[in-house]
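In my numbering, the protein residues as written are 34 to 138. These notes are about the structure you will find just below.
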């Protein structure tokens with residue numbers, strides 16, 4: 034079984050330059066402090082990521098963030114592909130677990 038190395042520095046810097054904080058890296062997902070969006074590593078290509086917006090985020094805000102993220106990513110030689118939306122809800126019957134659902138475009 035091989036281990037996948039996922040470099041965090043460039044994408045963490047990008048997130049911070051946007052004014053957000055990386056709150057929790059989990060496996061191939063990077064959760065952002067406000068849950069406005071999350072980042073997923075694209076394990077098929079180095080320095081490539083997928084972008085998902087919270088489904089409750091207004092379209093205008095998504096468009097603005099997409100533009101800002103894309104511009105910063107180009108300067109860091111990072112590829113970011115908008116992939117869709119996500120929902121993060123409390124798991125029914127369990128106060129300590131969350132349920133993450135991806136909604137593709």
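For each residue, glycine too, the CB sits at the ideal point set by N, CA and C.
Based on Cα-Cα distance, which residue from the options lies nearest to residue i?
i: residue 76; options: 85, 68, 62, 88; result: 62
i: residue 58; options: 50, 93, 42; result: 42
i: residue 105; options: 50, 36, 37; result: 50
i: residue 68; options: 55, 102, 60, 99; result: 55
i: residue 120; options: 94, 110, 98, 85; result: 85
Ordered along the chain, which non-local residues of its own chain (more than five positions away) have a Cβ less than 7 Å from that of residue i?
i: residue 81; result: 75, 112
Quick check: the Cα distance between residue i and residue j, rounded to an integer number of angstroms?
i: residue 127; j: residue 70; result: 24 Å
i: residue 108; j: residue 125; result: 42 Å
i: residue 90; j: residue 122; result: 15 Å
For residue i, does the count of other Cβ atoms within 10 angstroms reach 16, so buried, or fall short, so exposed?
i: residue 131; result: exposed
Are residue i and residue j touching if we call contact CB-CB under 8 Å?
i: residue 44; j: residue 72; result: yes
i: residue 88; j: residue 118; result: yes
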